[in-house]
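Here the numbering used here runs 11 ahead of the position in the sequence shown, where the first position is 1.
Even glycine gets a Cβ: it sits at the ideal position worked out from N, Cα and C.
Have a look at the structure below, then the notes.
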Amino acid sequence: MSDVHVDIRLRRITKIYNEGDSATGVVLIVNNTKSDVSHQGVTLALDGRVNLKMSSKNIGVFESFYNSVKPIQLTSANIDILKPGRVKSGRTELPFEIPLKPRVANRPLYETYHGLYVNIEYMLMAEMKRSLRKDLRKEIEIVVEYKDKEQSFISPESTSFTLNPNSVQKTAKERETFPRFVIKGDLKTQGPIGSPMTGEITIESCEQPIKSIELQLMRVEVCGCAEGYSKDATEIQNIQIAEGDPCRNVAIPIYMVYPRLYTCPTLTTRNFQVEFEVNIIVIFQSQYLVSQKFPLQLSRF
12 MSDVHVDIRL RRITKIYNEG DSATGVVLIV NNTKSDVSHQ GVTLALDGRV NLKMSSKNIG
72 VFESFYNSVK PIQLTSANID ILKPGRVKSG RTELPFEIPL KPRVANRPLY ETYHGLYVNI
132 EYMLMAEMKR SLRKDLRKEI EIVVEYKDKE QSFISPESTS FTLNPNSVQK TAKERETFPR
192 FVIKGDLKTQ GPIGSPMTGE ITIESCEQPI KSIELQLMRV EVCGCAEGYS KDATEIQNIQ
252 IAEGDPCRNV AIPIYMVYPR LYTCPTLTTR NFQVEFEVNI IVIFQSQYLV SQKFPLQLSR
312 F
């Protein structure tokens with residue numbers, strides 16, 4: 012470890028903020044040497060942006076589009092918290108307060124989201140500049156969430172479904188070789204992201220034994236500009252809700268918590284979209300597989 016290092020300590024332990032809040036805390040400078048250390052000033056910067064990335068499979072198709080995808084700046088601020096001088100041996104705490112305000116009036120601070128091709132991040136960076144030596148930096152991420160129902164609200168809603176050979180998207184000849192089965196259930200496909208996805212699934216009849224029933228949560232990310240759009244669906248998580256051949260006509264509960272940071276309220280803007288869907292997958296012991304996709308509408312409240 013360096014004899015001198017910089018850290019950021021927030022007063023809010025959760026690190027969760029809303030638009031209009033101020034992030035407060037201290038920049039901590041620890042000087043483990045026995046003498047004062049000179050510096051050229053200490054600054055704190057806030058940077059909030061949307062980073063868009065093309066998938067590798069589309070780079071050759073939209074080469075100009077790939078080169079034109081630029082980060083979208085949501086907020087930024089830079090403050091000086093200590094003028095050039097010397098830092099004494101030991102611990103020095105420098106209090107700060109930095110506001111979270113949108114850079115553009117009609118563009119709100121979107122919720123923090125870590126995706127594969129769309130990333131919404133808010134970073135705080137403290138920097139102590141030094142002459143003739145490497146500058147000292149410390150970065151931490153803060154989490155932004157919507158603060159009221161006007162920004163993100165949707166009424167909870169469930170969807171009923173039925174799986175049978177006729178619902179499988181295959182040719183009529185392929186469906187003839189499929190085992191006969193009837194699977195019914197319901198699933199909450201619309202509601203607040205802080206509440207788990209719930210529902211149930213019932214195997215009413217099935218000719219062949221079932222090996223597994225799984226729930227696959229997917230992200231659907233769309234990013235683009237005037238040159239074109241790229242749409243990619245990738246897996247976030249997969250949970251098993253039944254292992255082995257379930258009893259017939261017994262409701263199997265469905266319960267899945269949306270992972271923090273890797274999901275966010277459904278978001279549609281001019282340059283990008285973040286949507287989610289869930290697949291119910293039934294795997295037979297004969298290795299046949301059937302699935303059904305359900306689009307999700309998620310909100311903060």
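query = Nearest to Tyr133 by CA position, among Ile294, Lys26, Ile92, Ser13, is which residue?
reply = For the purposes of this step, residue 133 is taken as residue 122 along the sequence shown, with counting starting at 1. Of Ile294, Lys26, Ile92, Ser13, the residue nearest in Cα terms is Lys26.
ask   = The beta strand (DSSP E) spanning Ser309 covers which residue range?
value = Locating residue 309 in the sequence shown gives position 298, where the first residue counts as 1. According to the sequence as given, residue 309 is Leu; it is not Ser. Note, Leu309: beta strand (DSSP E), 300–310.
query = By Cβ distance below 6 Å, which residues in the same chain neighbour Val154 in space, the five residues on each side in sequence not counted?
reply = Within the sequence shown, residue 154 is the residue found at index 143, counting from 1. Correct list, in chain order: Lys26, Ile27, Thr123.
key: CA nearest to the CA of Ser169, picked from Arg191, Met136, Ile212   = Within the sequence shown, residue 169 is the residue found at index 158, counting from 1. Of Arg191, Met136, Ile212, the residue nearest in Cα terms is Ile212.
query = Any idea what DSSP makes of Pro264, helix, strand or coil?
reply = Counted from its first residue, the sequence shown places residue 264 at position 253. In the structure shown, Pro264 adopts extended strand secondary structure according to DSSP, grouped into three states.
message = Considering only DSSP beta bridges, list what Glu246 is partnered with.
response = Counted from its first residue, the sequence shown places residue 246 at position 235. DSSP lists Met229 as partners of Glu246.
ask   = Do three or more CB pairs link the segment 40–51 to the segment 109–121 at distances below 8 Å?
value = no
inquiry  = Report the CB separation of Thr54 from Ile92 in whole angstroms; it is logged as a contact under 8 Å.
reply    = As a position in the sequence shown, residue 54 is number 43, starting the count at 1. As a position in the sequence shown, residue 92 is number 81, starting the count at 1. About 7 Å; that satisfies the 8 Å criterion.
query = With contact counted as at least three CB pairs below 8 Å, one residue from each stretch, are the segment 158–173 and the segment 81–88 in contact?
reply = no
ask   = Where does the unbroken beta strand (DSSP E) through Lys199 begin, and where does it stop?
value = Counting from one through the sequence shown, the residue named residue 199 turns up at place 188. Counting along the chain, the beta strand (DSSP E) containing Lys199 begins and ends at 192–203.
message = At the level of alpha carbons, what is the spacing between Ser87 and Leu309?
response = By 1-based counting over the sequence shown, the position of residue 87 is 76. By 1-based counting over the sequence shown, the position of residue 309 is 298. Spanning the two alpha carbons is a distance of roughly 28 Å.
message = Quick check: the Cα distance between Val17 and Lys94, rounded to an integer number of angstroms?
response = Counted from its first residue, the sequence shown places residue 17 at position 6. Counted from its first residue, the sequence shown places residue 94 at position 83. Their Cα atoms are separated by approximately 16 Å.
inquiry  = Just to confirm before moving on: does the CB-CB distance between Ile19 and Ile109 stay below 7 Å?
reply    = The sequence position of residue 19 within the sequence shown is 8, counting from 1. The sequence position of residue 109 within the sequence shown is 98, counting from 1. No, the Cβ-Cβ distance between Ile19 and Ile109 is not below 7 Å.
ask   = Which whole-angstrom value is the C-beta distance of Ile221 and Phe295, which I expect to be below 8 Å?
value = The residue you call residue 221 lines up with position 210 of the sequence shown. The residue you call residue 295 lines up with position 284 of the sequence shown. That belief holds up - the Cβ atoms of Ile221 and Phe295 are roughly 6 Å apart, short of 8 Å.
query = Which residue comes first and which comes last in the beta strand (DSSP E) that contains Asn130?
reply = On the sequence shown, position 119 is the one that residue 130 refers to. Element bounds for Asn130: 129–139.
ask   = Among Thr280, Ser33, Glu218, Val193, which has the Cα closest to the Cα of Arg22?
value = Here residue 22 refers to the residue found at position 11 when the sequence shown is read from its first residue. In terms of CA proximity to Arg22, Ser33 leads the group Thr280, Ser33, Glu218, Val193.
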